[in-house]
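Have a look at the structure below before the remarks.
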Amino acid sequence: MSQATPVHDAETDADAQSASEADADAPSHQAVGAELASARRPAPPRRLLPETETETETDTDTDAEAETDTDTDAETDAETETDAETDTSSHQAVGAELASARRPAPPRRPLPETDAATEAEGAGDGRARPGLWGRFKGATEWCFGAAALLVALAILAAIPVLQFLTLGYLLEAEGRVARSGSLRAGFPGVRRLARIGSAVLGTLLIATPWLILRGYAQDAALFPASTAAETLATWNVAFLALTVVQASLAIARGGRLRHFFNPLNALWLLRHGVNPAAAVARSRAFVSSLRVGHYLELGVKGFVAGLLWLALPSLFLAAGSRAPGLTVLGGLGLALVLPWLVMGQARLARENRFGAAFELRAIRREIGRAPLSLLIALVLTLGLALPLYLLKIEPLDRDARWLPALAFLVAALPGRLAGGWLGWRGQREGRARWFVRWPLAWIAIPASLFYVFVVFFSQYFDWNGALGAFAHHAFLLPVAFY
171 MSQATPVHDA ETDADAQSAS EADADAPSHQ AVGAELASAR RPAPPRRLLP
221 ETETETETDT DTDAEAETDT DTDAETDAET ETDAETDTSS HQAVGAELAS
271 ARRPAPPRRP LPETDAATEA EGAGDGRARP GLWGRFKGAT EWCFGAAALL
321 VALAILAAIP VLQFLTLGYL LEAEGRVARS GSLRAGFPGV RRLARIGSAV
371 LGTLLIATPW LILRGYAQDA ALFPASTAAE TLATWNVAFL ALTVVQASLA
421 IARGGRLRHF FNPLNALWLL RHGVNPAAAV ARSRAFVSSL RVGHYLELGV
471 KGFVAGLLWL ALPSLFLAAG SRAPGLTVLG GLGLALVLPW LVMGQARLAR
521 ENRFGAAFEL RAIRREIGRA PLSLLIALVL TLGLALPLYL LKIEPLDRDA
571 RWLPALAFLV AALPGRLAGG WLGWRGQREG RARWFVRWPL AWIAIPASLF
621 YVFVVFFSQY FDWNGALGAF AHHAFLLPVA FY
């Protein structure tokens with residue numbers, strides 16, 4: 171037992187020594203593994219770091235690079251957004267400039283709502299502005315057309331039923347001024363009537379020799395067996411045929427005055443030939459451009475609207491000495507109605523709508539917007555109508571009634587144009603101040619009362635008597651006698 175103990179101790183010591191050697195070799199193997207691992211790991215770029223800090227610095231650099239990339243991306247995005255905003259604003263600015271360059275300059279006033287023929291007539295064909303001679307010819311043509319227009323309307327005013335065409339034209343002129351705000355728009359169809367007037371005048375001029383010869387032929391026909399009668403009858407037929415052919419060719423060429431005195435119209439016909447279908451189409455287009463139905467309808471609307479406004483006050487006013495109280499009531503009512511009627515007919519002409527003449531709130535609102543224009547239109551309409559009551563004292567023959575109708579038209583046109591200007595001013599926003607509206611109203615009422623005073627006494631010298639109190643030519647048909 172004493173010998174076994176040392177052996178066991180020796181073995182125990184050997185095992186302990188082996189364990190300690192193993193423990194001593196383990197760190198050395200770990201160190202060798204770390205050296206081999208660090209040898210296999212590639213060196214970090216840009217700088218050499220200790221082996222123990224390689225992984226930490228690499229991670230730090232990676233995070234820093236990621237943050238740098240993130241900041242760079244953020245800055246790039248910010249720059250991109252800034253550039254996008256700058257480009258957007260610049261594109262918007264350029265687009266606005268291009269749009270403003272493409273957008274035509276706004277007209278001073280809206281164009282009238284008219285037919286295409288009249289718009290083309292007023293707009294022109296895009297050519298350069300004419301020179302001095304061209305302007306002179308244009309002004310001469312316009313004046314001639316205006317004179318022809320007045321004569322044509324006066325002739326229509328002397329014919330029953332066609333009288334409504336005259337009133338319709340006046341309302342159309344008023345409506346175009348009310349829609350456009352331009353007094354130049356108040357003469358529709360002047361150029362077209364100039365062509366018609368030149369055709370009529372040219373025909374009369376070239377027919378003058380035939381008319382003179384016809385008179386001689388009629389005198390010679392008192393002696394039918396004479397040679398002079400037979401000769402003059404033959405020449406009469408020849409001149410008539412020549413006049414008809416020349417007038418027809420001149421009208422086919424355009425109807426200008428110079429065409430009637432051109433002896434080469436036959437050569438023009440041979441060069442261009444005859445196209446009956448085209449001639450019929452042009453004639454139909456010309457007749458449709460006159461818009462006879464439109465003027466007739468508008469005239470009937472204006473007449474009925476004016477009659478509804480004026481019927482009751484005029485009825486009371488015509489009572490005369492039989493009912494003084496009703497006369498006073500009718501006179502006051504008529505004086506109050508007249509300003510509203512001026513505005514109501516202006517709205518009817520502007521909108522071409524019958525109900526527009528009876529929309530009391532809208533009429534009152536537009537009167538408040540343009541009190542001065544209302545006063546001017548009222549004074550012109552009533553003031554120019556008063557002297558014409560003298561033409562109703564004695565009736566004229568029906569063939570000569572177009573002469574006083576011409577005076578009625580000339581007197582009625584300024585009032586209609588002023589009414590159109592009133593309709594234009596009544597569309598603006600806002601309302602006139604009370605210290606402007608009330609004084610003008612106190613001026614308008616006396617003007618209306620003076621008109622009522624003349625109308626009341628006109629029944630004592632008017633050829634129609636008390637019925638003359640209903641024939642307000644300033645608002646109804648512009649004629650002396652129906």
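Numbering (the numbering used here), first residue to last: 171 to 652.
C-beta atoms are modelled at their ideal positions from N, C-alpha and C, and glycine is treated no differently.
- A Cβ-Cβ separation of about 28 angstroms leaves residue 591 out of contact with residue 628 under the 8 angstroms criterion.
- Contact between the segment 620 to 637 and the segment 496 to 505 is present, with at least three C-beta pairs closer than 8 angstroms.
- DSSP places residue 557 within a helical segment (H, G or I) once states are collapsed to three.
- Annotated three-state conformation of residue 363 is helix, per DSSP.
- A straight line joining the alpha-carbon of residue 601 with that of residue 554 spans about 29 angstroms.
- Comparing alpha-carbon positions, the option among 431, 324 and 562 lying closest to residue 377 turns out to be 431.
- About 22 angstroms separates the beta carbons of residue 348 and residue 315, which is beyond the 8 angstroms limit, so they are not a contact pair.
- Taking the C-beta atoms as reference points, residue 334 is found nearer than 8 angstroms to residue 469.
- CA-CA distance, residue 561 to residue 338, rounds to 23 angstroms.
- In its chain, beyond the 5 residues on either side, 601, 602 and 607 have a beta carbon closer than 7 angstroms to the beta carbon of residue 538.
- Straight across, the Cα-Cα distance linking residue 390 with residue 411 is about 20 angstroms.
- Residue 542 sits in a helix when the DSSP states are folded into three classes.
- In the three-state DSSP reduction, residue 592 falls in the helix class (H, G or I).
- Annotated three-state conformation of residue 643 is coil, per DSSP.
- Residue 400 and residue 433 have their C-alpha atoms spaced approximately 28 angstroms apart.
- Contact between the segment 564 to 571 and the segment 492 to 500 is absent: fewer than 3 CB-CB pairs across the two stretches fall below 8 angstroms.
- Unbroken beta strand (DSSP E) stretches of 3 residues or longer found wholly inside the segment 412 to 484: none.
- Counting only residues of its own chain and dropping the five nearest sequence neighbours on each side, residue 516 has a CB closer than 7 angstroms to the CB of 344, 348, 589, 590, 592 and 593.
- Excluding the 5 residues flanking it on each side, residue 486 has same chain C-beta neighbours closer than 6 angstroms at 496, 499 and 500, in chain order.
- For residue 617, same chain residues with a beta-carbon under 7 angstroms away, outside a window of 5 residues either side, are 548, 549 and 552 in chain order.
- When the beta-carbon positions are compared, residue 613 and residue 545 come within less than 8 angstroms of each other.
- The beta carbons of residue 582 and residue 527 sit no closer together than 8 angstroms.
- With respect to residue 513, residue 596 sits close: the two C-beta atoms are nearer than 8 angstroms.
- By the neighbour-count criterion, in which a residue is buried when 16 or more other Cβ atoms sit within 10 angstroms of its Cβ, residue 488 is buried.
- Nearest in C-alpha terms to residue 423, of all of 534, 435 and 415, is 435.
- Sequence-distant Cβ neighbours of residue 370 in its own chain, meaning closer than 8 angstroms and more than five residues away, are 318.
- Contact between residue 328 and residue 575 holds: CB atoms are separated by about 5 angstroms, below the 8 angstroms threshold.
- Distance between residue 384 and residue 437, taken at the CA atoms: about 29 angstroms.
- Rounded to the nearest angstrom, the Cβ distance from residue 341 to residue 519 is 4 angstroms, consistent with a contact under 8 angstroms.
- Taking C-beta separations shorter than 8 angstroms and ignoring five residues to either side along the sequence, the partners of residue 405 in its chain run 383 and 387, following chain order.
- Shortest Cα-Cα distance from residue 647 to any of 473, 525, 427 and 448 involves 473.
- Of 396, 394, 630 and 439, the smallest CA-CA separation from residue 416 is found for 439.
- Sorting 559, 373 and 533 by C-alpha distance to the C-alpha of residue 632 places 559 at the top.
- Going by DSSP, residue 324 is part of the alpha helix (DSSP H) stretching over 302 to 327.
- In this structure, the beta-carbon distance from residue 446 to residue 409 does not fall below 8 angstroms.
- Under the DSSP assignment, residue 345 falls in the alpha helix (DSSP H) whose first and last residues are 333 to 350.
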